[in-house]
Every structure is written in C-alpha cells, then in structure tokens.
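In the numbering used here, the protein residues as written are 5 to 291.
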C-alpha cells in the first residue's frame with residue numbers, strides 16, 4: 005500500500021532529531037557511561053510487541069546515524085508493512101553504548117509514527133469500497149507535522165492542508181470576524197490565487213445554501229450526523245453538482261462507514277494525528 009510513498013528529504017526532519025537527542029543527552033547518559041565500555045560491539049533488534057503498521061524506519065535510522073555513523077542499520081520490515089507481535093522490524097550492529105543512548109529517542113519517533121499509520125489503516129479499511137477520501141487535519145504535535153502527515157499517507161490516508169498557505173478554508177471564526185458567509189467568500193475571491201480552491205465551513209442547511217450561492221468550490225460540513233449529511237449532500241448536488249463536500253467533526257471508527265455512505269467526497273479526522281495510540285515496540289540487545 006505504501007510502495008509509492010517516499011520519505012521526505014532528510015534536511016526537513018534532521019533538526020527535530022538533533023533537538024530530541026540533545027533533550028535526552030544534554031548531560032550525558034550516566035547509566036550507560038558507568039557500565040558499558042564505549043568500544044563494546046554488539047547487536048540489537050527493534051521488535052513489535054503488538055500488531056502495527058510500520059512507519060518511520062528512516063527516522064529511526066537518522067537517530068542512530070546522528071549518534072554514531074558507524075552503526076549498521078538494516079530495515080527488516082519496509083514502510084507500510086503490517087507486523088505482528090514478535091516480528092523484528094529493524095536490526096542494528098555497532099557500539100552498544102551508542103545504541104543504548106539513542107534507544108528511547110528512536111523508539112519515541114518510531115512508535116508514534118507507527119501508531120498513526122496503524123490507526124489510519126483501520127479507518128481506511130472501514131471505508132473500503134466507498135468513493136470518498138480519508139484525510140488528516142492540522143491537529144498535529146508541534147514540530148512533528150511533516151512526520152505525522154507522512155505516517156497518515158503510509159496508513160493509506162491523504163493529507164489535508166499542511167499549513168495555512170496551502171489553501172483557503174474559511175472557518176466559523178473567520179465568518180464571525182468578517183460578518184457573513186457571502187462577504188467572507190467575496191473578500192477571499194478578491195485576493196485568492198487562481199490556483200486555489202475556496203472552501204468554507206458550514207454547520208447547517210441554510211448556511212450551506214448561502215455558501216453555494218456565494219460561489220464556494222468546496223464546503224466543510226461540520227459536526228453533522230449522518231441524517232443531516234445526507235440532506236446536505238442531496239441539496240448540494242442539486243444546486244452545484246461538482247461541488248466538493250467534506251465531512252468533519254465527531255468522526256470515529258464506529259461511525260466513519262456510515263458517514264462515508266452519505267455521499268460526501270472527503271472525510272477529515274483530527275484524531276488520526278492528535279489521538280493515535282503509540283504502537284508498542286521495544287529494542288532488545290542480543291547476547
């Protein structure tokens with residue numbers, strides 16, 4: 005599923021890794037320094053302790069590379085692979101002190117990225133066969149957006165806006181600050197680049213009609229249940245057949261299929277990145 009997805013360039017995430025290593029090793033590693041001679045060589049593996057979708061092995065590799073470029077890193081399970089408890093994901097050879105000193109930082113990145121990919125895969129499977137797209141949001145951990153959105157793609161999802169400059173999305177607070185849906189769309193049209201679609205958030209049928217009449221290219225249907233979504237989709241398709249409809253708010257694994265069956269084009273789910281449980285992986289030094 006993830007064979008066509010390439011990791012981002014290293015320079016885009018190497019600083020986050022350097023900061024994480026500095027945070028953990030600012031004053032050294034008292035335990036490892038005391039009991040593991042720095043030149044002792046050995047092997048270790050990173051193992052899955054539960055079922056998961058692999059994402060972020062290249063980040064773990066960069067963590068170990070920054071600590072000791074001589075550590076030999078072998079990816080056993082490729083990005084997007086589904087692993088089970090006991091499966092070896094990564095194999096390491098080199099100085100054990102350096103491996104131990106970077107263990108937690110590497111796992112912190114890897115476990116969180118695997119967790120996001122795993123949860124996303126479950127949502128994608130729930131939507132199997134439906135002509136709608138699952139996307140993430142900007143509800144990401146500060147400094148981790150690039151890697152978390154990559155993990156969503158590994159899980160089979162798609163990315164919404166990366167940042168505020170990626171598209172026009174007029175939210176309820178924009179409308180309140182501007183005065184009305186129609187005025188918000190009018191002002192945005194004046195300054196918007198011709199290459200960008202204009203999307204606006206609505207929470208009811210009357211607002212949807214106003215947004216379509218105002219010329220919106222896409223509408224975010226916020227916090228509507230399945231019945232209200234079906235009504236909104238039916239109206240929108242009559243008024244503007246090609247309009248893009250996005251459902252958002254209150255969407256969980258338990259109801260995402262029902263939401264997808266309403267006929268919306270896009271389902272955005274914030275919990276893919278802000279609430280995914282980290283996958284359980286561990287590093288084991290081999291005898």
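C-beta atoms are modelled at their ideal positions from N, C-alpha and C, and glycine is treated no differently.
As the structure is a prediction and not an experimental result, all values here were calculated from the model.
Spatial neighbours of residue i in its chain, beta-carbon cut-off 6 angstroms, leaving aside the 5 residues before and after
i, result
"residue 109", "24, 25, 28 and 67"
"residue 56", "87, 118, 122 and 283"
"residue 216", "243 and 244"
"residue 5", "Because the pLDDT of residue 5 is 49, which lies under 50, any placement of that residue in the model is unreliable, and the number read from its coordinates should be weighed accordingly. Here the set comprises 84 and 160."
"residue 116", "282"
"residue 267", "237"
"residue 36", "101, 104 and 105"
"residue 44", "100"
Cβ pair residue i, residue j closer than 7 angstroms
i, j, result
"residue 4", "residue 222", "Nothing about residue 4 can be reported from this structure: the residues present for the chain run from 5 to 291 only."
"residue 162", "residue 137", "yes"
"residue 252", "residue 269", "no"
"residue 76", "residue 97", "yes"
"residue 277", "residue 21", "no"
"residue 92", "residue 51", "yes"
"residue 178", "residue 141", "no"
"residue 104", "residue 60", "no"
"residue 102", "residue 40", "no"
"residue 200", "residue 206", "no"
"residue 240", "residue 248", "no"
"residue 175", "residue 274", "no"
"residue 128", "residue 272", "no"
Same chain only: Cβ atoms within 7 angstroms of residue i, ignoring 5 sequence neighbours per side
i, result
"residue 126", "257"
"residue 62", "11"
"residue 196", "172 and 202"
"residue 147", "20"
"residue 107", "287"
"residue 65", "77"
Range of the contiguous alpha helix (DSSP H) that encloses residue i
i, result
"residue 34", "34-39"
"residue 195", "185-195"
"residue 179", "176-182"
"residue 43", "Premise fails: residue 43 is in no alpha helix (DSSP H) and is neither H nor E."
"residue 62", "61-71"
"residue 209", "209-217"
Residue i versus residue j - alpha carbon distance
i, j, result
"residue 149", "residue 237", "31 angstroms"
"residue 80", "residue 48", "13 angstroms"
"residue 17", "residue 151", "8 angstroms"
"residue 74", "residue 53", "27 angstroms"
"residue 134", "residue 156", "19 angstroms"
"residue 219", "residue 261", "29 angstroms"
"residue 224", "residue 33", "49 angstroms"
"residue 31", "residue 285", "26 angstroms"
"residue 168", "residue 112", "27 angstroms"
"residue 130", "residue 230", "16 angstroms"
"residue 184", "residue 250", "20 angstroms"
"residue 95", "residue 46", "11 angstroms"
DSSP bridge partner residues for residue i (one or two, in chain order)
i, result
"residue 226", "252"
"residue 56", "87"
"residue 77", "96"
"residue 162", "139"
"residue 293", "Residue 293 lies beyond the stretch modelled for the chain, which goes from 5 to 291, so this question has no answer here."
"residue 279", "The partner list for residue 279 (beta bridge, DSSP) is empty, contrary to what the question assumes."
"residue 173", "203"
"residue 48", "96 and 289"
Extent of the continuous beta strand (DSSP E) to which residue i belongs
i, result
"residue 259", "First-last for residue 259: undefined, no H or E at that position."
"residue 272", "270-272"
"residue 158", "Unbroken run through residue 158 is the alpha helix (DSSP H), 149-158; no beta strand (DSSP E)."
"residue 18", "Taken as a continuous stretch (DSSP letters only), residue 18 belongs to no beta strand (DSSP E), being part of the alpha helix (DSSP H) at 18-29."
"residue 204", "202-206"
"residue 290", "285-290"
Neighbourhood of residue i by C-beta distance below 8 angstroms, restricted to the same chain and skipping five residues each side
i, result
"residue 190", "218"
"residue 9", "83, 84, 154, 157 and 158"
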